[in-house]
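Peer 1: Starting off with a structure, shown below.
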């Protein structure tokens, strides 16, 4: 007699609010160990220093991962102006410190228009993109020369929400494949003062919202409760 599939084997879409310092695969690995099935995957990597919405699919729903990955994304976060970093974010130390005396609020708002619409973007060399079967960040860490080709991405909207120099708060709605770290680098370069990504949160994927996502802690507790109830005898 064929064993009945549990809900996770049949397929579930789990919305997780990824914690800071966790990799996306850390989340997958934790969920896999809790629900005790191997078929678990996420729909779009978030860097360890980013938080926010991670769509996790289980069982037969892993076939839908590419569909979710292709959906429009929305991010909020901060750029820090007046310096750059090799990784375009806080994974490395700021260098090339510059004065912001000539930067105006009008410039900060106007410059966003240069990065709105269909643009060519060069991904960071410190990324998981593969060349020759290896992630380029491994080659970059070894000091090897890495050449990244520009990619076509679409930025539907890019707005500066708040200015508190050297920090500016932004909101971006973009296509899949967009690197917000690269956007920070290019934005700072255009301003002439440099910039790097200092915080990032994914707030939406398609119609799925971070506001509706569970924390990892909440998901762990939910699974523990369900497991204990399943272990109780029927009355």
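In our numbering, the protein residues as written are 11 to 245. Idealized CB from N, CA, C, for every residue including glycine.
Under 9 angstroms between the Cβ atoms of residue 203 and residue 83?
Peer 2: Against a cut-off of 9 angstroms, the Cβ pair of residue 83 and residue 203 comes out as no contact.
Peer 1: For residue 67, which option in 80, 173, 41 and 60 has the closest C-alpha, if you only look at C-alpha atoms?
Peer 2: Checked all of 80, 173, 41 and 60; the closest Cα to residue 67 is 41.
Peer 1: Alpha carbon to alpha carbon, how far is residue 48 from residue 235?
Peer 2: Taking the straight line joining both Cα atoms gives about 21 angstroms.
Peer 1: Compare the Cα-Cα distances from residue 168 to each of 88, 95 and 219 and report the closest residue.
Peer 2: Taking only the C-alpha atoms, the option nearest residue 168 is 88.
Peer 1: Excluding sequence positions up to five away, which residues of its chain have a Cβ less than 7 angstroms from the Cβ of residue 246?
Peer 2: Past the boundaries of the shown model lies residue 246; the chain is included only from 11 to 245, so the question cannot be answered.
Peer 1: Return helix, strand or coil for residue 198, following the three-state DSSP convention.
Peer 2: The answer is helix: DSSP assigns residue 198 an H, G or I state.
Peer 1: Give the range of the alpha helix (DSSP H) segment to which residue 36 is assigned.
Peer 2: Its alpha helix (DSSP H) spans residues 34 to 45.
Peer 1: With distances taken between CB atoms, is the gap from residue 161 to residue 187 smaller than 9 angstroms?
Peer 2: Taking 9 angstroms as the Cβ cut-off, residue 161 and residue 187 qualify as a contacting pair.
Peer 1: So what's residue 89 in DSSP terms, helix, strand or just coil?
Peer 2: Three-state result, residue 89: strand.
Peer 1: Apart from the five residues just before and just after residue 182, which ones in its own chain have a Cβ nearer than 6 angstroms to its Cβ?
Peer 2: Excluding residues within five positions, the ones whose Cβ falls inside 6 angstroms are 85 and 168.
Peer 1: Whole-angstrom Cβ separation of residue 131 and residue 192, contact assumed at under 8 angstroms?
Peer 2: That belief holds up - the Cβ atoms of residue 131 and residue 192 are roughly 5 angstroms apart, short of 8 angstroms.
Peer 1: Return the chain-ordered list of same chain residues with a C-beta closer than 6 angstroms to the C-beta of residue 18, the five sequence neighbours on each side being excluded.
Peer 2: Counting only Cβ-Cβ distances below 6 angstroms, and skipping sequence neighbours, we find 45, 47, 68 and 69.
Peer 1: Give the secondary structure of residue 187 by DSSP, where H, G and I count as helix, E and B as strand, and everything else as coil.
Peer 2: Here residue 187 sits in coil by DSSP.
Peer 1: At what residue ranges does the segment 52 to 118 contain a whole run of the alpha helix (DSSP H), taking only runs of 4 or more?
Peer 2: Within the segment 52 to 118, the complete alpha helix (DSSP H) runs of at least 4 residues are 75 to 79.
Peer 1: For residue 14, name the three-state secondary structure that DSSP assigns.
Peer 2: It is coil, neither helix nor strand.
Peer 1: For residue 27, does the three-state DSSP call read helix, strand or coil?
Peer 2: Three-state DSSP puts residue 27 in a strand.
Peer 1: In its own chain, which residues sit with a C-beta less than 8 angstroms from the C-beta of residue 325, not counting the 5 before and 5 after it?
Peer 2: Residue 325 is absent from the model: the chain starts at 11 and stops at 245.
Peer 1: Can you have a look at residue 262 and say buried or exposed, based on whether 16 or more other CB atoms are within 10 angstroms of its CB?
Peer 2: Nothing about residue 262 can be reported from this structure: the residues present for the chain run from 11 to 245 only.
Peer 1: Could you name the residues of the same chain whose beta carbon sits closer than 7 angstroms to that of residue 37, not counting the 5 residues immediately before and after it, in chain order?
Peer 2: Contacts found: 26, 28, 52, 64, 66 and 226.
Peer 1: Determine which residues share a DSSP beta bridge with residue 128 and list them.
Peer 2: Residue 128 pairs with 164.
Peer 1: Identify which residue in 223, 237, 216 and 230 has its Cα closest to the Cα of residue 76.
Peer 2: When only C-alpha atoms are compared, the closest one is 216.
Peer 1: Given residue 243, which residues of its chain have a CB within under 8 angstroms of its CB, disregarding the five upstream and five downstream residues?
Peer 2: Its pLDDT being 47, under 50, residue 243 is placed unreliably by the model, and the measurement read from it follows with that caveat. If we look at residue 243 and ignore the five residues flanking it on each side, it has no Cβ neighbours.
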